[in-house]
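Residue numbers (my numbering), protein chains in the order written: chain A, 8 to 263; chain B, 8 to 263; chain C, 5 to 313; chain D, 5 to 313. Just so you know, even glycine gets a beta-carbon here, dropped at the ideal spot from N, CA and C. Bear in mind that the values here come from a model prediction, so they are computed numbers and not experimental data.
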Amino acid sequence: MFLVFSLLGGVVLLFIIAPLAAMFLQVSPGVFAETAADKEVRGSIMLTLWTSMAATAVFAIAAVPLAYLLARAQFPLKRFVNGTIDLPIVIPHSAAGIALLGVFSRDTIAGKAFGALGIEFVGGYAGIMAAMAFVSLPFLINASRDGFAAVPQRYENVARNLGASPIRTFFTISVPLASRSIVSGLVLMFARGMSEFGAVIIIAYHPMITPVLIFERFGAFGLKYARPVSVVFISVCLVFFIVLRSISGEKRKFFQ
Amino acid sequence: MFLVFSLLGGVVLLFIIAPLAAMFLQVSPGVFAETAADKEVRGSIMLTLWTSMAATAVFAIAAVPLAYLLARAQFPLKRFVNGTIDLPIVIPHSAAGIALLGVFSRDTIAGKAFGALGIEFVGGYAGIMAAMAFVSLPFLINASRDGFAAVPQRYENVARNLGASPIRTFFTISVPLASRSIVSGLVLMFARGMSEFGAVIIIAYHPMITPVLIFERFGAFGLKYARPVSVVFISVCLVFFIVLRSISGEKRKFFQ
Amino acid sequence: MTPPDSGEIFVDGIRHESNAAKGPQISIVYQDQALFPHMTVWQNIEYGLHGRVKAKPERSARVRALARELQIEQLLGRKPGTLSGGESQRVALARALAVRPKILMLDEPLSSLDIRARAGIRSILRELNRSGITMIHVTHDYEEAISLASRIAVMERGTIVQSGNPREIFMCPKSEFVARFTGIKNFYEGSLVRTKHGAATTGTFLTGPLTMSVAVDARPGNGFIAIRSEDVTLSLAKPESSARNIFEGTIVDIIPTGNGVEIAIDTGIDIVARVTGQSCSEMNLECGKKVWVQFKATAARFIPAASPP
Amino acid sequence: MTPPDSGEIFVDGIRHESNAAKGPQISIVYQDQALFPHMTVWQNIEYGLHGRVKAKPERSARVRALARELQIEQLLGRKPGTLSGGESQRVALARALAVRPKILMLDEPLSSLDIRARAGIRSILRELNRSGITMIHVTHDYEEAISLASRIAVMERGTIVQSGNPREIFMCPKSEFVARFTGIKNFYEGSLVRTKHGAATTGTFLTGPLTMSVAVDARPGNGFIAIRSEDVTLSLAKPESSARNIFEGTIVDIIPTGNGVEIAIDTGIDIVARVTGQSCSEMNLECGKKVWVQFKATAARFIPAASPP
């Protein structure tokens, strides 16, 4: 049985690895270096990295407490809230872009209000971050919620019984014990934000994040010119992902 | 504390709900009905549904056994395999499309081999399915693996001790006990496949799945014409998602 | 914590607040200790002192004093994951005691420990108790209860069915549940009839097919008879003895235990006798053998039913 | 199952295969029963019969016969989640027995059950054992072990430290660990010196500051002394008695137990005496009080050390 299962599993792995491996092999080191030096490519990668990171950081402030509530508190419509959080995973990315554009475009109330504060969404950094956050928030919230839920409530009870306030219990017991899941959720949200294309292209074609740049080069010049950018960007993504994962993986696991 | 947390959580929920709610409100029932009757829209929605469903079904045959191996077996490079499975989540969708195009385009070995069998990837159904599967496989594999891992191995040991073969144990013990997670993984993979845009648009602009259609209408006619299609498609997605979720949710949970 | 549906807790007449920082402190020690795994032993013990004791030197002094008292000074720098069960339980006790509780609530504190660690923790608990702290000790182990408690309340299905000091519980179990809990093997329900034989008043207890003589002064009525298995003796021939209760029966089960062997005899009802291993083998006792059981009327304790059934 | 690093299992001289479908069957019953939660009781019991018994009517007959034997006929249609602990354990036994194992391996089968259910399962196990099936029963409860086993092996840290019949284990514990396990409170390491007094040969045992008389015929050397706490008597004044071992000491602990009270006396080494609750209160025993302990030379059992330390 294990042989059959291994063969089937091998097919799946091949399906994932082969396209990526082929793409990397088709880009010569020379072309790679040249592309990596391309000002437009570098600029777009930097933009993609910092917008995704900023979106993750800004939304974490509200998303982690929400995750804690979902793990611990009982309230009406909890199922509805849990479902809502999963919505962005199910909604087609281009449709998500359309929805965000409907709220944040210059002629809406929200768009005007933020415009008065000097924050432009359409074709602006704020728009990119909103699009990234919209599609990637579920990853952070779900991972954090599961992390909090895995912390035996007994520890929080003991802390409360010893006289700690709810907020002290949250910061000294719940967050440290769920830290692994929270960090992993942050990494996932950051990674998912970087990879977003559909929602961003609709709300902000310019300034151009790398996924959009790849699409543009493909449309304008064809596969051969889109490939090196893809390879360089994927490399950057992987380096970031692996480094972040290994940092967060170092923390010991308290529970399984 | 709970008040502050609730307020923060409310902001997050508002950020997710407001764009969607606004979009639905901006489409009048008349326009909705008209769009739902549009032949091009209907055709693309049907296409999106069945390609995603087919991709999920085809890959499940190999992905579920792989998930079982990852949950139970110890083998070298297991970390590497686990990492590989998460790759599609991290890789930008447009770059994933470029990678798949590199392997399956008409002038590659794989493309020629499948072409000889009458399977066209570029601009074909197979291409759409491959793109959908590539980005959505991690959801099925991860959910199934976690499901299998949550089945106490003791049950499998007991079955083996009673003389059941590994394959009988798999089908009579492991799969039924993990069925909730597997079904939830299938639903997620299906939903994620339907929502894919970036990878599909690069490998197969035509035949046009709905996310691509939304993008095209937006590019050609603007927000006003993209919005009704988005609303109709999201409605279909939600109906499917809710129905599938409630079916799978009916099964009792054996473990937590 | 699951919030209670209703009810209030008063300690020395003062209402206990669910927020432990106010009002009298009830510290809870859990069966699995629940030490914070990401903190050192020192940080665990000190945890409850933040906010209570402002000065850091005083906090340190308290931690150190407790560590000395519970003999865990050498563990202060370690993480809970590296401790043995007994060490963890000491740390958990130190953490609970650090906040100087009025009441220490112990939830099966010995059940997750091995035999050796149990003895250590038990003697610590006994000393703490002598030092004046009130302890509420939840356990399902009768030996543990009587070895530590001055008052015992027996709960069955969420309700206190009997409470009293260990002796009362042991001598007068009010139900079969409590009797089994205290290790009494022979416990029968039936009714007491009063009979007068000259000067002495004896009771006759009817249970199933048997009629037993019971030396009681209680009023006739329904109730229970409890007979300790040590008080039941066996003989192969019909004994000539002053014992008032002599029944013939068949051995149905032989159960070796720590001190002796328990023999179950079917005399119409099952009666359990405890004999020494030596007599068991000398008498060649085995299942199916006919024997005579006897016990004195004074060995059969009558416990009146609380209310008419 | 964790595959073993090395080793083979032989049953009646036939090698046991890891694939239970071949070779002699060893059925395992787990502490938590591990009934398949998605199957009915019937399906659980029948599970091991597929492949072994082709004919469906025969399978049904076997399930029904076992259900009758274990008194779970009325449960056959139910799911395991709805059963009590005792019922679950009966079903688990039925499932394990359905495949007609040569050996039944029981992993703490009683520990997750309440007192009542324990008695039921224990008597089922005893009957099964009489019916001829070999059982390997893993437990950390000494009473459970001696009440069911014909041979006991005591494991300490993964190694069998002593094996034998219950009487051997109880009478001659080979280490302090085994002694504590059997409930012996007084167990001391030391060395035996031989002395001759006229005709009688007595040993003198040196442990810590004490010198004890021991009635042995063993060769001098290192070893242990075990004294049951029942054999130690207390008196307030120095006793005039034939007992050879009389020591003065201070009471350091008083532990009420199920049958009597255990008094720990510091005589240089701690000696535990068991007295009745009555004499404890009559003698006004309390911590710090000076008392005399005595025990007969015949009560002190000498157990030679297995090898020179």
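Identify whether aspartate 235 (chain C) lies in helix, strand or coil by the three-state DSSP scheme. As a working note, residue 235 (chain C) is residue 231 in the third sequence. Aspartate 235 (chain C) sits in a helix when the DSSP states are folded into three classes.
Would you grab the beta carbon distance between valine 236 (chain C) and valine 297 (chain C) for me? Rounded to a whole angstrom, and I think it's under 8 angstroms. Position 232 of the third sequence, counted from the first residue, corresponds to residue 236 (chain C). Position 293 of the third sequence, counted from the first residue, corresponds to residue 297 (chain C). With a Cβ gap of about 6 angstroms, valine 236 (chain C) and valine 297 (chain C) count as contacting.
Exposed or buried, what is alanine 80 (chain B) when buried is set at 16 or more other beta-carbons lying within 10 Å of its beta-carbon? In the second sequence, residue 80 (chain B) corresponds to position 73, counting from 1. When all chains shown are included, alanine 80 (chain B) counts as exposed.
CB contact below 9 angstroms: isoleucine 30 (chain D) versus chain C: The sequence position of residue 30 (chain D) within the fourth sequence is 26, counting from 1. Isoleucine 30 (chain D) does not count as touching chain C.
Thinking C-alpha only, which one of C:Leu240, C:Ser88, C:Pro41 and C:Asp9 is nearest proline 159 (chain A)? Within the first sequence, residue 159 (chain A) is the residue found at index 152, counting from 1. It is C:Pro41.
Is isoleucine 259 (chain C) near arginine 161 (chain D), with beta carbons less than 9 angstroms apart? Indexing the third sequence from 1 puts residue 259 (chain C) at position 255. Indexing the fourth sequence from 1 puts residue 161 (chain D) at position 157. For the pair isoleucine 259 (chain C) and arginine 161 (chain D), the CB atoms are not nearer than the 9 angstroms cut-off.
Suppose the cutoff is 6 angstroms on Cβ atoms and the five residues either side in sequence are ignored; what does the same chain contact list for alanine 309 (chain D) look like? One-based indexing of the fourth sequence puts residue 309 (chain D) at position 305. Closer than 6 angstroms at the Cβ level, and outside the excluded window around alanine 309 (chain D), lie Asn226 and Gly227.
Contact under 9 angstroms by Cβ, valine 88 (chain B) with glycine 16 (chain A): Residue numbering aside, residue 88 (chain B) sits at position 81 when the second sequence is read from its first letter. Residue numbering aside, residue 16 (chain A) sits at position 9 when the first sequence is read from its first letter. Yes, Cβ-Cβ distance for valine 88 (chain B) and glycine 16 (chain A) is below 9 angstroms.
Looking only at its own chain, which residues have a Cβ that is under 7 angstroms from the Cβ of alanine 98 (chain D), when we skip the five neighbours before and after it? Within the fourth sequence, residue 98 (chain D) is the residue found at index 94, counting from 1. Scanning its chain for C-beta atoms nearer than 7 angstroms, with the 5 sequence neighbours on each side dropped, one finds around alanine 98 (chain D) the residues Ile49, Leu70, Ala71, Leu74 and Ile76, in chain order.
Candidates B:Leu147, B:Ala117, B:Phe146 and B:Pro145: which alpha carbon is nearest alanine 7 (chain B)'s? Any property of residue 7 (chain B) remains undetermined from this structure, which presents chain B solely from 8 to 263.
Nearest-angstrom Cα separation, counted from valine 238 (chain B) out to phenylalanine 31 (chain B): Against the second sequence, residue 31 (chain B) aligns to sequence position 24. Against the second sequence, residue 238 (chain B) aligns to sequence position 231. Whole-angstrom Cα-Cα distance: 6 angstroms.
Output the boundary residues of the alpha helix (DSSP H) element that contains histidine 100 (chain B). Counting from 1 along the second sequence, the entry for residue 100 (chain B) is found at position 93. 100-111 is the extent of the alpha helix (DSSP H) around histidine 100 (chain B).
Measure from the alpha carbon of glutamate 286 (chain D) to the alpha carbon of each residue in D:Thr163, D:Val15, D:Leu240 and D:Phe181, then state which is nearest. Residue numbering aside, residue 286 (chain D) sits at position 282 when the fourth sequence is read from its first letter. Put simply, of D:Thr163, D:Val15, D:Leu240 and D:Phe181 the residue whose alpha carbon is nearest the alpha carbon of glutamate 286 (chain D) is D:Leu240.
For chain A, find out if any of its Cβ atoms is closer than 9 angstroms to the Cβ of glycine 122 (chain B); answer yes or no. If you number the second sequence from 1, residue 122 (chain B) lands on position 115. So no, glycine 122 (chain B) is outside the interface.
Residue interval of the beta strand (DSSP E) (run including proline 308 (chain D)): Here residue 308 (chain D) refers to the residue found at position 304 of the fourth sequence. 305-308 is the extent of the beta strand (DSSP E) around proline 308 (chain D).
Which of the three DSSP states is assigned to alanine 121 (chain D) in this structure? Counting from 1 along the fourth sequence, the entry for residue 121 (chain D) is found at position 117. Three-state DSSP puts alanine 121 (chain D) in a helix.
Identity of the residues DSSP links to glutamate 127 (chain B) by a beta bridge: Start at 1 with the first residue of the second sequence, and residue 127 (chain B) comes out as number 120. Bridge partners of glutamate 127 (chain B): none, in fact.
Between cysteine 291 (chain D) and the rest of its own chain, which residues show a CB-CB distance below 8 angstroms, the 5 nearest in sequence each way excluded? As a first step, residue 291 (chain D) is located in the fourth sequence; it is residue number 287 there, counting from the start. Answer for cysteine 291 (chain D): Ile255, Val256, Asp257 and Ile258, listed in chain order.
Who are the neighbours of serine 127 (chain D) on chain C, taking C-beta pairs under 8 angstroms? Here residue 127 (chain D) refers to the residue found at position 123 when the fourth sequence is read from its first residue. Those are Asp257, listed as they occur along chain C.
Backbone CA spacing between arginine 234 (chain B) and phenylalanine 225 (chain B) [nearest angstrom]: Counted from its first residue, the second sequence places residue 234 (chain B) at position 227. Counted from its first residue, the second sequence places residue 225 (chain B) at position 218. Distance between the alpha carbons of arginine 234 (chain B) and phenylalanine 225 (chain B): 8 angstroms.
Mind checking if isoleucine 116 (chain A) is an interface residue toward chain C, Cβ cutoff 9 angstroms exclusive? Mapped onto the first sequence, residue 116 (chain A) falls at position 109. False, the Cβ-Cβ gap to chain C never drops below 9 angstroms.
Exposure label - valine 18 (chain B); buried when at least 16 CB within 10 Å: Here the question's residue 18 (chain B) lines up with position 11 in the second sequence. Valine 18 (chain B) comes out exposed.
Would valine 95 (chain C) be called buried (16 or more neighbouring beta carbons within 10 Å of its own) or exposed? Here the question's residue 95 (chain C) lines up with position 91 in the third sequence. Per the 10 Å Cβ criterion, buried.
Kindly give me the distance between the Cβ atoms of arginine 199 (chain A) and valine 243 (chain A), rounded to whole angstroms, as I take these residues to be in contact under 8 angstroms. Here residue 199 (chain A) corresponds to residue number 192 of the first sequence, with the count starting at 1. Here residue 243 (chain A) corresponds to residue number 236 of the first sequence, with the count starting at 1. The pair is not a contact, with the Cβ atoms about 15 angstroms apart (cut-off 8 angstroms).
Checking contacts by CB at 9 angstroms: is phenylalanine 222 (chain A) closer than that to chain B? Mapped onto the first sequence, residue 222 (chain A) falls at position 215. It does: the Cβ of phenylalanine 222 (chain A) has a partner Cβ on chain B nearer than 9 angstroms.
Which residue marks the beginning of the alpha helix (DSSP H) containing isoleucine 13 (chain D), and which one marks its end? One-based indexing of the fourth sequence puts residue 13 (chain D) at position 9. Looking at the DSSP string, isoleucine 13 (chain D) is not in any alpha helix (DSSP H), and its letter there is neither H nor E.
Let me know the alpha helix (DSSP H) ranges lying completely inside the region 12-44 of chain A, each 4 residues or longer, listed in chain order. Scanning the region 12-44 of chain A for uninterrupted alpha helix (DSSP H) segments of 4 residues or longer gives 36-44, listed from N- to C-terminal end.
How should leucine 84 (chain A) be labelled, buried or exposed, when 16 other C-beta atoms within 10 angstroms of its C-beta is the threshold for buried? The residue labelled residue 84 (chain A) in the question sits at position 77 within the first sequence. Exposed, since its Cβ has fewer than 16 Cβ neighbours within 10 Å.
Are the C-beta atoms of leucine 169 (chain B) and some chain A residue less than 9 angstroms apart? Stepping through the second sequence from its first residue, residue 169 (chain B) is reached at position 162. By this cut-off, leucine 169 (chain B) is not an interface position.
Rounded separation between glutamate 47 (chain A) and isoleucine 254 (chain B) - CA only: Start at 1 with the first residue of the first sequence, and residue 47 (chain A) comes out as number 40. Start at 1 with the first residue of the second sequence, and residue 254 (chain B) comes out as number 247. Glutamate 47 (chain A) and isoleucine 254 (chain B) have their C-alpha atoms roughly 49 angstroms apart.
Exposed or buried, serine 135 (chain C), counting other C-beta atoms within 10 Å across all chains shown (16 or more means buried)? Position 131 of the third sequence, counting from 1, holds the residue named residue 135 (chain C). Flag for serine 135 (chain C) reads exposed.
Which residues of chain B have a Cβ atom closer than 7 angstroms to the Cβ of threonine 217 (chain A), listed in chain order? For the purposes of this step, residue 217 (chain A) is taken as the residue at position 210 of the first sequence. By Cβ distance, chain B contributes Pro99.
Count the other CB atoms within 10 Å of the CB of methionine 136 (chain A); is the residue buried (16 or more) or exposed (fewer)? In the first sequence, counting from the first residue as 1, residue 136 (chain A) sits at position 129. Counting every other CB atom within 10 Å of its CB across the protein chains shown gives methionine 136 (chain A) a total of 16 or more, marking it as buried.
In its own chain, which residues sit with a C-beta less than 6 angstroms from the C-beta of leucine 77 (chain B), not counting the 5 before and 5 after it? Residue 77 (chain B) sits at position 70 when you count from the first residue of the second sequence. Within the same chain, leucine 77 (chain B) has close Cβ partners Arg152.
In the DSSP assignment, find the unbroken alpha helix (DSSP H) run with arginine 68 (chain C) in it and report its ends. As a working mapping, residue 68 (chain C) is identified with position 64 in the third sequence. Its alpha helix (DSSP H) spans residues 60-73.
Can you tell me which of the three DSSP states leucine 231 (chain A) falls into? The residue you call residue 231 (chain A) lines up with position 224 of the first sequence. Residue 231 (chain A) is actually lysine in this sequence, not leucine. For lysine 231 (chain A), the secondary structure class from DSSP, reduced to helix, strand or coil, is helix.
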